[in-house]
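Numbering (the working numbering), first residue to last: 22 to 274.
Every residue, glycine too, gets a C-beta built ideally from N, C-alpha and C.
A quick note: this is a predicted structure, and the numbers were derived from the prediction, not measured.
The next block holds one structure in the form of C-alpha cells; read it before the comments.
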Amino acid sequence: MPSFNRRKFLATAVTGAASATLYTCSSVRSRHDSAYVQTQFAQPIPLSQFNPDIIDERQIYGAMSDDGHEIPAVPVDKIDPKYRRQLVADPTGEQPGTIVVDTSNHFLYLVGGWGEALRYGVGLGRQGFEWSGRGVIEWKQKWPRWFPPDEMIDRQPELEKYRARQIPGKNEWEGGMEPGVMNPLGARALYIFQDGKDTLYRIHGSPEWQSIGKSVSSGCVRLINQDIIDLYDRVSEGAPLVVTSGLPTVVQS
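Below, the structure written as C-alpha cells:
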C-alpha cells in the first residue's frame with residue numbers, strides 16, 4: 022500500500038515561501054454572496070508536491086518572506102511537540118482532502134489518504150469554537166484585511182478607523198486593518214460556509230504562536246502563520262470541512 026513520505030509532507034511550505042492581540046474574526050467581510058458551493062471530495066495529495074530535503078523543524082518554522090511580508094521565526098522549542106506540524110495516523114475516517122477541526126484536542130487534520138493525515142496545532146476562542154458540523158471552504162485569501170465587529174469597536178473606540186463600510190450597491194466593503202504580520206488574521210484565511218451561507222467563522226493565521234493549543238480571547242481557528250501558509254497551499258476552494266469535539270484525546274505526539 023502506498024505511504025506518504027513524512028519528510029516530504031512536512032516540508033512543502035518552507036520551500037514555497039523561502040524563494041496584536043487576538044480578536045474575533047466572526048465579522049470578517051466576505052467577497053462572496055451566499056451562492057452555494059457544492060462539496061467535492063479532493064483526491065489524495067500528490068506525493069510529487071513534497072520536497073524531501075527539509076526535515077528540521079527550525080526550518081519549517083523559520084523566518085520567511087511572503088508577498089513582501091517578513092514573517093518572523095517561531096521558537097519551536099517553546100511549542101508543545103504535539104502541536105507542531107506532523108504526519109500522523111488518520112483518526113477521522115473522512116475522505117481525502119477533508120479538513121477536520123478537533124476542538125477537544127486543539128488539532129486540525131488535513132486527511133491525506135492511505136490512512137494518514139497532516140496534523141496542525143490550533144488555538145480557539147475562550148468559549149471554544151461555537152460552530153460545529155459540516156461545511157466547505159468556500160474561498161480562501163492571502164494576507165486578508167481584518168474588520169473588527171461593530172460591537173468590539175463600540176467597546177474600543179480606538180478601533181473606529183477599522184470599521185467596515187459597505188460600498189453602495191456591491192457586496193464589498195471598505196475599511197478594515199491593512200494586511201500584515203500583526204494583522205489578527207495573519208498570512209492566510211479560509212472562509213467556512215454551510216448550506217450556501219457564510220458561517221462568519223474562519224481558519225486563519227496568527228502572530229500569537231503562544232495561543233496554539235489554548236482557548237484564549239476571542240477568535241476562530243488560529244494556526245501559526247507558517248502552518249496556515251502550508252495548509253492554504255494544500256487546500257482547494259470547495260474542500261469539505263468537519264468541526265467536531267468527538268475525537269479521542271491525544272496525550273502525546
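Let me make sure I understand the geometry here. Which of the options has the alpha-carbon closest to that of residue i?
i             : options                        : result
tyrosine 222  : Val264, Pro93, Arg140, Val95   : Val264
cysteine 241  : Thr220, Pro261, Asp248, Gln247 : Thr220
arginine 166  : Glu199, Thr270, Met203         : Glu199
glutamate 151 : Tyr141, Val157, Thr124, Val132 : Thr124
valine 157    : Leu244, Pro117, Ile100, Leu262 : Leu262
glycine 154   : Val202, Ala84, Val122, Gln247  : Val122
glycine 133   : Asp248, His127, Gly114         : Gly114
glycine 197   : Tyr183, Pro178, Lys99          : Tyr183
proline 16    : Glu172, Ser236, Arg243         : Because the chain spans 22 through 274 in this model, residue 16 falls outside it and cannot be assessed.
glycine 259   : His127, Ile92, Gly118, Val95   : Gly118
serine 266    : Pro170, Leu129, Phe214, Lys99  : Leu129
glutamine 107 : Val143, Met85, Gln116          : Val143
lysine 235    : Ala94, Asp77, Ile81, Ile100    : Ile100
I'd like to check one pair, residue j with residue i: are the Cβ atoms closer than 8 Å?
i              : j            : result
isoleucine 250 : tyrosine 104 : no
alanine 138    : leucine 145  : no
asparagine 246 : alanine 208  : yes
valine 97      : arginine 140 : no
If you follow the beta strand (DSSP E) that residue i is in, where does it begin and where does it stop?
i              : result
glutamine 215  : 209-215
isoleucine 245 : 242-245
leucine 262    : 261-265
isoleucine 233 : Run containing isoleucine 233: none; DSSP gives neither H nor E here.
lysine 99      : Counting along the chain, lysine 99 falls outside any beta strand (DSSP E), and DSSP gives it neither H nor E.
arginine 140   : 137-142
arginine 223   : 218-227
leucine 129    : 128-134
aspartate 88   : It is not in any beta strand (DSSP E) - aspartate 88 carries neither H nor E in the DSSP assignment.
For residue i, report the span of its alpha helix (DSSP H) as first-last.
i             : result
glutamine 107 : Per DSSP, glutamine 107 belongs to no alpha helix (DSSP H); it is in the beta strand (DSSP E), 107-110.
glutamate 78  : 78-81
Counting only beta-carbon separations shorter than 8 Å, does residue i have a partner in chain D?
i             : result
glutamine 215 : Going by chain labels, chain D is absent from the structure shown, which holds only one protein chain.
Roughly how far, in whole angstroms, is the beta-carbon of residue i from the beta-carbon of residue j, given that I think they are within contact range, below 8 Å?
i             : j            : result
aspartate 88  : lysine 163   : 6 Å
threonine 228 : valine 256   : For the sequence presented, residue 228 should be read as proline rather than threonine. In fact, because the Cβ distance is near 21 Å, the residues do not count as touching under 8 Å.
valine 237    : arginine 147 : 6 Å
- Query: Which whole runs of the beta strand (DSSP E) in the stretch 155-206 are 3 residues long or more, in chain order?
  - Reply: none
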